[in-house]
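Taking it in order: structure first as structure tokens, then the write-up.
In my numbering, the protein residues as written are 1 to 388.
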């Protein structure tokens, strides 16, 4: 495979050759001698080759930039951070983890999942990785503004009324007074957690332990988190989800024979008229597929492009598809402006053998949990409705 350095070296050679021919042509021109047809052909071929090679350089640079963005150097998965933790290694070497009642936990900030084997631990004769079930692409958290908290409750002041009396004022006249009404609101910090049982041998097999944490435990946590962020009921130990609090869709203007695309545009308009320009749309994958497959009278796709590679978007806003949404429903809104996630505990992994059954059967419990709160401080920034 040709490397970026090799292509750049070839480009430099072509450039030098072009300069050499150009200098010769200029010298001949000063003598009144025209460039020969053979020389012109050589120069034309060099120009074509230069353009092709330059395009290769651009392509290689773009690929390198994408790799850097998708896999930043030094980023480690949750499982990798756990098995490389110094405290865990000491507990493992001392045999603490194999004693009955042994317990070990590490609080780790969850990073982008990039599974890379470290080579540590005892290498088993196994195929790398785990063959997992299909996993849903999680996206709702990425739409919402992030935040941190050190409390078990988020208290915030919410604007409930505003009377704007601003007006033109004559010289010496009294200025009008506007009023602002505020109300105190709260959002509790909730916990999401689950655990799995595994054999004690996994403590000696670091890549497998890392896979357990990354592939199943972390994914399971994020799956429930996404459903809560979007449709949590707000009752009991549930987040009050964005869709749950969103305003109902009421078309601001009437469009005869409105299509699904028209409905979504009107939802964006409703949020915009409430002074909250939307920055995203959330749909069930089936509904987005139906929109992408719409064709005009000539059979051409209106939105979709089978050969396209761009991310889904509609009316200039990104479209997020998730099965956490019900079929034939939608959510539009100003996610960054209207809501915020407050992480109390990003991720905590614990391993323990605290009961007799686990101890005598060589089993350990691997637990993962997180704590977070969701504040939807501007419900009117979100519009929900049905796609008829």
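All C-beta atoms, glycine included, are put in the ideal place defined by N, C-alpha and C.
- In this chain, the beta strand (DSSP E) harbouring residue 364 covers 363-375.
- Here the region 310-323 does not lie against the region 338-348, with fewer than 3 beta-carbon pairs under 8 Å apart.
- Going by DSSP, residue 360 is part of the alpha helix (DSSP H) stretching over 356-360.
- Beta-bridge partners assigned by DSSP to residue 178: none are found.
- Less than 8 Å divides the Cβ of residue 368 from the Cβ of residue 347.
- Inclusion of residue 208 and residue 202 in the CB contact set at 8 Å is warranted, their separation being smaller than that value.
- Sorting 375, 45, 46, 9 by C-alpha distance to the C-alpha of residue 244 places 375 at the top.
- In the assembly as shown, residue 276 is a buried residue. Its beta-carbon has 16 or more other beta-carbons within 10 Å.
- The Cβ atoms of residue 158 and residue 178 do not sit closer than 8 Å to each other.
- For residue 240, the beta-bridge partners assigned by DSSP are 233.
- Between residue 315 and the set 327, 238, 291, 53, the nearest pair of CA atoms involves 291.
- Going by C-alpha positions, residue 358 is about 23 Å away from residue 218.
- When the Cα atoms are used, residue 234 and residue 307 turn out to be separated by approximately 42 Å.
- When rounded, the separation of the alpha-carbon atoms in residue 370 and residue 91 is 23 Å.
- Non-local C-beta neighbours of residue 252 in its own chain, meaning closer than 8 Å and more than five positions away in sequence, comprise 266, 269, 270, 273, ordered along the chain.
- In this structure residue 363 touches residue 199 by the C-beta definition: roughly 6 Å separates them, less than 8 Å.
- By alpha-carbon distance to residue 381, the top candidate from 53, 281, 259 is 281.
- Residue pairing by DSSP places residue 199 opposite 363 in a beta bridge.
- Residue 188 sits in a strand when the DSSP states are folded into three classes.
- A direct Cα-Cα distance of roughly 24 Å separates residue 40 from residue 9.
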